[in-house]
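Under our numbering, the first residue of the sequence shown is numbered 670, with each subsequent residue one higher.
Using N, Cα and C, we set each Cβ at its ideal position, and we do this for glycine too.
Everything below concerns the one structure shown next.
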Amino acid sequence: MIRIKYKALFSLQFTHAYYKTGKCPDILVVPSAECNTTLHALGLRFLQTDSGASIYAKVNETDKMMQLLPENTKLTFLLQLKNNLFHNITDINLLRSPGQVFYFNNLAAQNAAEGPILVSDTNTKIVTSDDLVRVATNFFNFADSGTTTSKTATLTFIDSGDQLTQTVDNVDNTFNFSFDLNKSNRGRAVLNIDGTEKSSFYALNTAAVSDLFGIAEIYFNASLPESVQFLLADGTLATKHFQVPFGNRSTKWRYIITRKFNTEIDTLTVGKTNGTSINFAVSNGPPGTFIATSDQAIPMTETPILGIKLGANTGNPIIPNLPNPAPNLVRPEGSETFSDILITI
């Protein structure tokens, strides 16, 4: 009987500070059409996991890869969200511009004990707006200004080296460039006009754009640093677990308390005094309503915070453990973000 053995070449692992396990179950990883073709051609196997995906390679009896990867192999994975409240619990911009997605690769990864981290921010080491890229599909249009007679633009596709060049004339001191992306191999692209970089973006197949949250690309090249190298020259696997960490959103908690049954109450207190204290400022809202707002933003977590107490001028606690906010009630207001909790007493 023929037995075929596979070993992990690398994995993509999404983590999230909101979840008590630290693992993020909210990202669906889908190989692009081109990636599927490459995986099949190289005898690689793709496996979806609870918090990402893994790629397995066929190995021989000495655990060396049977079919080595060609230089400059690129595997592109499309990322989709499985949780429609992901933006609420995650420390990313709620007001992200249309046409932007998150982009991660292993070309400039940060070292970490758990595995290379594929994010841009070297301080927080979590996903931030620095990881956003603009995407374009069929055409890329760009308007430049100036007073010269004409300008020449060159659109360079970083991975393939393909270039599209266009020269346009001055029309009312505006130069309108339009590139047909169907004439390229797509991927990361940079626009230069008369030798000056003007824009960068990611060119995608139209079919890949629907419900797209992000893109992750894993490159193989012998010149890459050892820290991200998952295959050695002799075929030995150096399995890497690439990490994409998300931070949990912090919001100011705002209890909106309606007095319906306890009509004698005219003063309320809200606070947590056990363990790490959390203070709330209580103000009067519309008649019969109190609003208690935390002094500081509180990180959202899957594990509830206990001991936030609602008290009154009667001297007795009304609710010893106020509920934590639900992830669906997150409201940006100016420079701050609030989580609202509705209480009736």
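- In this structure the region 946 to 962 does not lie against the region 907 to 920, because fewer than three pairs of beta carbons, one per stretch, are closer than 8 Å.
- Proximity to T823 across T817, N792, E866 peaks at E866, based on C-alpha coordinates.
- Annotation for I988: the continuous beta strand (DSSP E) segment containing it runs 986 to 988.
- Distance from the CA of N757 to the CA of L763, rounded to the nearest whole angstrom, comes to 8 Å.
- E730 sits in coil when the DSSP states are folded into three classes, being neither helix nor strand.
- At a cut-off of 3 residues, the continuous stretches assigned as beta strand (DSSP E) that sit fully inside the region 840 to 874 are 843 to 849, 856 to 862, 865 to 872.
- With contacts defined as CB atoms closer than 8 Å, V859 and T825 qualify as a contacting pair.
- Annotation: the region 881 to 925 contains no complete segment of the alpha helix (DSSP H) (minimum length 4 residues).
- In the structure shown, E703 falls within a helical segment according to DSSP collapsed to helix, strand and coil.
- In chain order, Y675, K676, L678, L713, M734, L906 place their CB closer than 7 Å to the CB of A726, counting only its own chain and leaving out the 5 sequence neighbours on each side.
- By the Cβ rule, the region 775 to 782 does not count as touching the region 921 to 930, because fewer than three pairs are nearer than 8 Å.
- Around the beta-carbon of P894, fewer than 16 other beta-carbon atoms lie within 10 Å, marking it exposed.
- DSSP lists V728 as the bridge partner or partners of K674.
- Counted as a single uninterrupted DSSP element, the alpha helix (DSSP H) harbouring F755 occupies residues 755 to 758.
- Where A950 is concerned, the enclosing beta strand (DSSP E) starts and stops at 947 to 953.
- The shortest C-alpha to C-alpha distance from I887 to any of G691, S798, V802, L776 is the one to L776.
- Counting along the chain, the unbroken beta strand (DSSP E) around F826 starts and ends at 819 to 826.
- The C-beta distance from T742 to F899 rounds to 11 Å, too long to meet the 8 Å contact threshold.
- In this structure, the CA atom of A961 is about 11 Å from the CA atom of I1012.
- Closest in alpha carbon position to N752, among T970, A981, C693, is C693.
- The Cβ-Cβ distance between L711 and Q682 does not fall below 8 Å.
- Of N874, I795, R1000, I987, the smallest CA-CA separation from A702 is found for N874.
- K689 has its alpha-carbon roughly 6 Å from the corresponding atom of T972.
- For N810, the enclosing beta strand (DSSP E) stretches over residues 808 to 814.
- Per the DSSP secondary-structure output, P1001 pairs in a beta bridge with T1006.
- K941 is the residue among K941, A891, I884, V837 whose C-alpha sits nearest the C-alpha of P986.
- For a cut-off of 8 Å, the C-beta gap from K820 to I884 is around 30 Å, too long to register as a contact.
- One alpha carbon belongs to P767, the other to L998, and they sit about 22 Å apart.
- In the same chain as D831, and ignoring 5 residues on each side of it, the C-beta atoms closer than 6 Å to its own belong to S853, N854, in chain order.
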